[in-house]
Each structure stands twice: as C-alpha cells, then as structure tokens.
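So the sequences go chain by chain: A and Z.
Just add 47 to the spot in the first sequence (first one is 1) and you have the working numbering.
Just add 47 to the spot in the second sequence (first one is 1) and you have the working numbering.
Protein chains: 2
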Amino acid sequence: MAGFFTDSSRVTSTGEGIHHAEIPPGWDIGGNVNGGFLFATAARAMADVVGRPDPVSVTAHFLSPGRAGEAEILTEPVRIGRRFATARATMATAGRPTIAMLGTFGTLEPDPDSPLMVRGAPPELPAPEQCAHLAPTAPGSPPFIGRVEVRFHPDDAGFFRGTPTGTPSMRGWFRLADNEPIDTIGLLLAVDAFPPTVFNSGLLGWAPTLELTAHVRARPAPGWLACRFDTRFITNGMLEVDGEVWDSTDTLVAQSRQIALLPRGD
Amino acid sequence: MAGFFTDSSRVTSTGEGIHHAEIPPGWDIGGNVNGGFLFATAARAMADVVGRPDPVSVTAHFLSPGRAGEAEILTEPVRIGRRFATARATMATAGRPTIAMLGTFGTLEPDPDSPLMVRGAPPELPAPEQCAHLAPTAPGSPPFIGRVEVRFHPDDAGFFRGTPTGTPSMRGWFRLADNEPIDTIGLLLAVDAFPPTVFNSGLLGWAPTLELTAHVRARPAPGWLACRFDTRFITNGMLEVDGEVWDSTDTLVAQSRQIALLPRGD
C-alpha cells in the first residue's frame, strides 16, 4: 500500500502506446475529477513511455470534464534525447477525450555546482495548525477535500465565509492525505489542488482551466509544501493563475501557470 | 506584399494535415532559426487547420535547432469546440523534427462587458529613440536583428558593452521591421525575440529553450509593443523566463513563460 494518491494514479501498460488507469471515486469536485489528478495520472504514463521519472515541463489542454472509473491514456514518444525525452498523450475518461498533453521529462538530480539565483521566497505562512481548512466531513464538502490536506493562510480564507479578500490569491500548505510521500508526479497534483483564485475576487463560480503548464524544478523533500497562487490579469473573460510550490527546505520545487475562463455570471 | 514577417511565415496546405513553409534566410541567429519564428509559423498551420485565428494558449517543445529552407508542419485537430479548438503539430526543418506543439485557438473579440482586473502595468520605457539598439549593420550582428526592431531600456542594455546589470531582466520595445502590422500570430514571435535574460546575469552563452508557452490575451493595436522579460529562478541548470507584452493602448496582449537550460561554462 503505497498511499492513496500513488495507488489511485497508477497506470498499467496494456499495449504499444496504451496505458490504463482506474480512477477511484474520491478525486472529484461536483462530479468532475480534479484537473491536477488527471494531469498527474497522464504524466505517469508519459514518464513510463519515455523512461524518465521527472516531468521537467508538462502542458495539458482540458477537453472535457473527467469522470471516475476506467481511463485510457494513449502516448507517443516525440524525441528521446540523452538528457531529456519528449512525449505527447491523450487521456480519455468514460470513453471521451478528456485532456491532451505534451511534456518533456528528465532525471532531476540536485547539482550543487550549478549557479543559483533565487529572486523570490516561499510565502510566509503560519504553522499548518494555525491555518484554516475545509473539513472533509463538513456538509457539501467535495470528496476531493479528503484526498489532500490543504491549509489556507488565514488572510486568504475569507472566501469560506462569504467574505472574499478582493485579491485573487491563495496561499497555503499542501500535502497528500495521511502525509503520503510525494514525488515529482505528485507535484502536478499540487499545482491544481487549491480553489480557484477568483473565489477571493468576489467573482463567484468555477473557473474552468483551458490549459495548465507545470515546470518541476527539483524533487521535493518530505513534509508540507508551501504554495502560492496568484492572478494578476482578469481580461476578456480569461485569467491566468501563476503558482509556486516550495518544499520544507525552502527549495522551489515547481512553478505553474494556467489560463482559465472566467465564471459566467449568468 | 504583406510584409516580410507575414510573407516569411506563410504556410500552404499541401494535403490532409500537412502544411509547407519556406523559411527564407534572415531569421537566424548563429545559423539557427529564431525559436519564436518557428513557433509562429507552426501556429499559423494550426490556426488554419482548426479555423480559428487567435492562439489563446500555445506550447512548443524544442527538439532540435531550426534551419532555413523548406519546412513541413504536420497538424492534427484534437477537439473542435464551439468557442475554442485544440490541435497538435510537429514541424520539421531540413527534414528533421524541430518543434512539437499543442495549442488552443479561438476568436479574441474585445468584450467590454467582461470584468476587468489588472494588477500590473506596462514597463516604464523611455521613447524608442531614447532606447538602445543593436544595429543590423554592426559587425557580427545576427541576420535576425534586421527582421525585428527591438529597442532596449538603457538600464538593461549593459550586456551590449560587456557590463551586464546583474539582474536577469530585459525590458524594451518591439515591432516588426518596417513597422509591418502585427497580428496575434506575430505576438508568438515577439515573446521570443529578445536576447536571453541571462545575458544580464553575467552568465555568458546562449540559453536554449526547452519549452515555451504563450497566452494571447487580446489582439494588439498598431504601434510599438512594450515588453518585459524576467527570470526569477536559476536553479539546477534551468531557468524560467516570464514575459509580458503590452500594446500601444496599454492593454496586456500576451503573457509567456519558457523553461531554458543554463549556458554551460565549459
């Protein structure tokens, strides 16, 4: 028993360029499987096909809502290089194309001799027990809330209580349920596990993701991940969400950006 | 004669899912065709295949250096929706796979009724004639310099003279040569037309792009585009470059992010 996330996102090769997954219930929000979970599961099949463990840069375009149950991932290697390997994939759930992906994978070993420049820092967060969270047992709580542990910066948690901050940002801690160890594929779940930033803008409703790209910069150390998601531009019915994920050693382990559609008021 | 960029990046359908392009000399730097030019040209074929003019979100993974001459773009529609359409593509130059792409296209009409939130502003730049530029006729100047007009913020131009600022940023103006009108496909050129930000970090050498994603947020008004490119994290041999492109009406027209490899000192 590797842990619920690892078990849930397991893929099995069932033929040349075909993987199957069985998405259990519990990863959905309002009946739709969380986008980051789909992203991570399809990336596992891509990593398997190219024989490299770490997603250095992976992009998903979301085609239709994902459903629990049997999923099929079709993969195709594009280029297998010495240091990096690129593949594309399409994942179908409930027999329907769900996400299209393109990604480059490698082996992320720390390189202490590499130049280092860090113009940024992890978000300043109170200890996890001082942060706000949604209880998985609360009425109306989506099943997904029980699969990951998200602890919100108290200043960004107003949206829970109907008092959004007015700033489309979310800062908080993330880990898998039961503190299951997380690998670089798990970071693809982390970058899409927080509620939409627009929940804090006062614009109600879900913001469906058109496209999500993650860059994994390092393998995460064990422990809580400190995360920050910010939207700077809501224009023409679209918004971007920029994410940073920092591990317990204050190392930047992933960056993400997505483009999403504004919730429609009507 | 639509202009040199439009003519150079023209694509012609020569069969189901096949486009040809003829990349003229003059778009290269050190013999390699500029990545943004390849990105824009392949996106033209994708836009043609899906029947939507504007690249809302496009990602390219760079497989090998691009060469001038005949290019072939293989495209495949992934999903044609009501509002957006998604396609993938692979472009070969000199008979060799050069970039793999995945993108979603739409029709970007301004929507004055849409909520607007802008947490940011164009870079503050002196007038173009007060900015620094590389003369296309200077000795050693790459041919690409004559194809686009880039005017650097004087504070970011130290790298010309061997005095990098120490901050991996580049701010400046961009337009096509001869002030050729630019469309949303042209913005894909703009997001990769500046020198690598690391030229200002003191790390010498080219920083090859692994992957580049652009989000086009609006159609650009005529005139100079104000651009900003920043690198915040150089870690483990990799760096990201975040770009913003603003038009002459101070509207954000594109965002970009790429992940690139650090120049090797050896």
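Built from N, CA and C at the ideal position, the CB exists for glycine as well.
Check                                                                                                                                                : Outcome
Spell out whether any CB of chain A is found under 7 Å from the CB atom of Asn247/Z.                                                                 : no
For Ala107/A, write down the residues that DSSP places opposite it in a beta bridge.                                                                 : Met148/A, Leu259/A
Counting contacts by CB-CB distance shorter than 7 Å, is Pro267/Z in contact with chain A?                                                           : no
Any Cβ of chain Z within less than 7 Å of the Cβ of Asn226/A?                                                                                        : no
Using a Cβ-Cβ cutoff of 9 Å, what residues of the region 157-178 of chain A are near chain Z? List them in chain order.                              : Pro157, Asp158, Ser161, Pro162, Leu163, Met164, Val165, Arg166, Gly167
Buried or exposed: Asp54/Z, going by 16 or more other Cβ atoms within 10 Å of its Cβ?                                                                : exposed
Bridge partners of His66/A, per DSSP?                                                                                                                : Ser60/A, Ile120/A
Below 8 Å on the Cβ atoms is my contact criterion, and I expect Val300/A with Ala265/A to pass it. Report the Cβ-Cβ distance as a whole number of Å. : 5 Å
Could you work out which residue in Arg279/Z, Met217/Z, Ile232/Z, Pro215/Z is closest to Phe223/Z when comparing CA atoms only?                      : Checking the sequence, you will find Leu at residue 223/Z rather than Phe. Of the listed residues, the one whose Cα sits closest to Leu223/Z is Ile232/Z.
With a Cβ-Cβ cutoff of 7 Å, do Trp74/A and Phe84/A count as a contact?                                                                               : yes
Around the Cβ of Gly213/Z, are there at least 16 other Cβ atoms within 10 angstroms (buried) or fewer (exposed)?                                     : exposed
So who's on the other strand from Asn79/Z, going by DSSP bridges?                                                                                    : Ile76/Z
Taking only the alpha-carbon atoms, compute the straight-line gap between Val96/A and Pro124/A and give it to the nearest angstrom.                  : 7 Å
Report the CB separation of His67/Z from Glu258/Z in whole angstroms; it is logged as a contact under 8 Å.                                           : The pair is not a contact, with the Cβ atoms about 25 Å apart (cut-off 8 Å).
Is it buried or exposed, Leu163/Z, if we count other Cβ atoms within 10 angstroms and call 16 or more buried?                                        : exposed
Could you pull the DSSP bridge partners for Gly153/A from this structure?                                                                            : Asp101/A
Thinking C-alpha only, which one of Pro169/A, Val197/A, Gly193/A, Pro186/A is nearest Ala179/A?                                                      : Val197/A
What residues in its chain sit with their C-beta under 8 Å from that of Gly153/Z, if we drop five residues either side in the sequence?              : Arg99, Asp101, Val103, Arg130, Phe131, Ala132
Does DSSP put Ser161/Z in a helix, in a strand, or in coil?                                                                                          : coil
Could you spell out where the alpha helix (DSSP H) holding Ile232/Z opens and where it closes?                                                       : 231-237
According to DSSP, which residues form a beta bridge with Gly290/A?                                                                                  : Phe276/A, Ser303/A
I need the boundaries of the beta strand (DSSP E) containing Thr296/A, first residue and last residue.                                               : Run containing Thr296/A: none; DSSP gives neither H nor E here.
Where Trp271/Z and Ala118/A are concerned, what is the direct C-alpha to C-alpha distance, given to the nearest angstrom?                            : 48 Å
Show which residues of chain Z have a CB atom less than 7 Å away from the CB atom of Leu320/A.                                                       : Nothing in the structure corresponds to residue 320/A, since chain A is present only between 48 and 313.
Return the CA-CA distance between Ala134/A and Gln177/A, expressed in angstroms with no decimal places.                                              : 42 Å
Of all the residues that make up the region 274-297 of chain Z, which are near chain A by a beta-carbon distance shorter than 7 Å?                   : Arg279, Phe280, Ile281, Thr282, Asn283, Gly284, Met285, Glu287
So with CB distances below 8 Å, who are the chain Z contacts of Ile306/A?                                                                            : Val103, Ser104, His262
Specify, as a first and last residue, the run of the beta strand (DSSP E) that Ser216/A falls within.                                                : 216-223
Where do the N-terminal and C-terminal ends of the beta strand (DSSP E) with Thr140/Z fall, by residue?                                              : 132-140
Taking DSSP as the reference, what is the three-state secondary structure of Ala268/Z?                                                               : coil
Can you round the beta-carbon distance between Cys172/Z and Ala273/Z to whole angstroms, since I take them to be within the 8 Å contact cut?         : The sequence given here has Leu at residue 172/Z, not Cys. Right, their Cβ atoms sit about 6 Å apart.
Does DSSP put Arg114/A in a helix, in a strand, or in coil?                                                                                          : coil
Residues of the region 141-153 of chain A with a CB closer than 7 Å to any CB of chain Z: list them in chain order, please.                          : Pro144, Ala147, Leu149, Thr151
How do the region 183-195 of chain A and the region 288-302 of chain A stand: do at least 3 beta-carbon pairs fall below 8 Å, yes or no?             : no
Count the other CB atoms within 10 Å of the CB of Arg194/Z; is the residue buried (16 or more) or exposed (fewer)?                                   : buried
Going by alpha carbons, who is nearest to Asp277/A out of Ala89/A, Ala174/A, Trp253/A, Arg304/A?                                                     : Arg304/A
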